[in-house]
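Here the structure comes first, spelled out in structure tokens, and everything after it is commentary.
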Amino acid sequence: MSPSVLTSGLPIEATDKEAAIKRNPHRNWETIQASRPNYDSSHFWAPSKTPVPTWNVGDGSSSDDWKQYRRLNISPDDDDRTNVQNYKLMISTTVPRPVALVTTVGKDGVSNMAPFSYFQNVCTDPPLYSLSLVGEEPNDTLRNILDTKECTLNIISDWFIEAANFSSANTPPHQSEWPMTGLTPSPSQMIRPASVAESAFSAECKLHSYQDIFNKKGTRMATLVLLEAVMWHVREDMVAKDALKATVDLKLLRPVWRGGGIIYGTCFQGFELPRPEAWRKVLEESEVARRLSSA
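Numbering-wise, the sequence shown is residues 42 to 336 according to the working numbering.
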């Protein structure tokens, strides 16, 4: 916790993790930003062919560039390697990561909001999501989830990424991020925290279970929580026009993903790639039989 306090005795801010991590590599961000082209909101999801439509069994990679370079061995436990270095390596290689804007309400009634990219699906029955909250000291989101056992998960789209990003400010526990972001709370049906009305997909969740994660020195460094969806909210124009309500249109969702540093991206180009047929069918291919016999 920052030693600076308001005259009321309340902390002026939460721990400033950014000062230690230094995600932003630019000293003159405003100049860098001004030099770049405007964001083109006219781009939409446009599927292409796969990278190598003629790929066949056993063809391997379409590029031999990997043969020109040796692979570096990096031990996360080296004496001269820091936790920040490991963090930067992991977040710049585990990409793209979906980002959830998480809302909670504390025991004191203060509403909290923060974005997290250590977030993913876990199971469909029950419908579970995972959320990893990293840091030696529990942040507001973790405290609130453990105290109240409730939160909402909101998928971030490009039309409100700046607002969502601003909720990552290290505000003190008594300060809600909602007013600063300008986002709109939408009352939930099953839990107390409101979801984000601007989000095209939100999940009301209750705590299923959690696991504290300790380093080799015995210090708690993170907590992994599993969250069970008890209600979903989908913008009506996004969902497939059938009774199943089973698919959201990626072209309309325009989700934002997280990379390393301060890099974010969007999903405007991709391709469809069917999985192999049933193994009994695969075995009928002569090339498969040949490769298996010579393996």
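Even for Gly, the Cβ is constructed at its ideal location relative to N, Cα and C. Quick caveat: nothing in here was measured; it's all calculated off a predicted structure.
| field | Rounded straight-line distance, which links the Cα of T182 to that of P44 | value | Residue placement at P44 cannot be trusted, given a pLDDT of 38 that sits under 50; what the coordinates show is reported in the next sentence. Near 21 Å, if we compare the C-alpha coordinates of T182 and P44.
| Proximity of V136 and G300 at Cβ, strictly below 7 Å | yes
| query | Residue range of the beta strand (DSSP E) that I197 falls in? | reply | Per DSSP, I197 belongs to no beta strand (DSSP E) and is neither H nor E.
| message | Tell me the residue span of the beta strand (DSSP E) that contains Y170. | response | P168 to V175
| Residues in its own chain within less than 8 Å of V289 by CB, not counting five upstream and five downstream? | A241, F242, V275, M279, V280 and A281
| field | Separation of M131 from C308, as counted between CA atoms | value | A direct Cα-Cα distance of roughly 21 Å separates C308 from M131.
| Closest to L265 by CA distance: which of Q109, S83, N124 and G176 is it? | Checked all of Q109, S83, N124 and G176; the closest Cα to L265 is G176.
| Alpha-carbon spacing of E203 relative to W320, whole angstroms | 47 Å
| said: Buried or exposed for S327, going by 16 or more other Cβ atoms inside 10 Å? | reply: exposed
| task | Find the nearest neighbour of P372 within the set P214, T193 and V140, judged by alpha-carbon distance. | result | Residue 372 is absent from the model: the chain starts at 42 and stops at 336.
| task | For the region 233-309, list the alpha helix (DSSP H) runs that are entirely contained and at least 4 residues long, ordered along the chain. | result | 291-294
| request: Express the C-alpha separation of D100 and V329 in angstroms, rounding to a whole number. | output: D100 has its alpha-carbon roughly 11 Å from the corresponding atom of V329.
| query | Nearest CA to the CA of A238: which residue from A287, L142 and I73? | reply | L142
| task | Grab me the residues of P226's own chain with a C-beta within less than 6 Å of its C-beta, minus the 5 sequence neighbours each way, in chain order. | result | A235
| field | Alpha-carbon spacing of V323 relative to D166, whole angstroms | value | 30 Å
| request: Could I get the ranges of all uninterrupted alpha helix (DSSP H) runs contained in the region 118-158, with 4 residues as the minimum, in chain order? | output: 124-134
| query | Roughly how many angstroms lie between the CA atoms of I197 and N206, to the nearest whole one? | reply | 10 Å
| task | Starting from V163, follow the beta strand (DSSP E) in both directions and report where the run begins and ends. | result | F160 to T165
| said: So, under 8 Å CB-CB, S208 and A244 are touching, yes? Tell me the CB distance rounded to an integer number of Å. | reply: That pair is no contact at about 17 Å.
| said: Closest to V271 by C-alpha separation, out of W70, Y170, I303 and Q310, would be which residue? | reply: Y170
| field | Burial state of R13, where buried means 16 or more other Cβ atoms lie within 10 Å | value | Residue 13 falls outside the range modelled here, since the chain spans only 42 to 336, and no answer is possible.
| message | On a Cα-Cα basis, can you pick out the residue from D199, Q252, P88 and D149 that is closest to D188? | response | When only C-alpha atoms are compared, the closest one is D149.
| Residue closest to S102, alpha-carbon to alpha-carbon, out of Y110, Y305 and V93 | V93
| query | Just how far apart, CA to CA, sit N95 and S104? | reply | It is worth fixing the name first, because residue 95 is Thr in this sequence and not Asn. Cα-Cα distance, rounded: 14 Å.
| task | Return yes when the Cβ of Q230 is within less than 7 Å of the Cβ of A87, no when it is not. | result | no
| What is the DSSP secondary structure of S327, reduced to helix, strand or coil? | helix
| Using a Cβ-Cβ cut-off of 7 Å (strictly less than) and excluding sequence neighbours within five positions of P228, which residues of its own chain qualify? | A235
| query | Mapping DSSP to helix, strand and coil, what is F207? | reply | helix
| task | Rank Y305, T212 and E191 by C-alpha distance to the C-alpha of H249 and give the top, closest one. | result | E191
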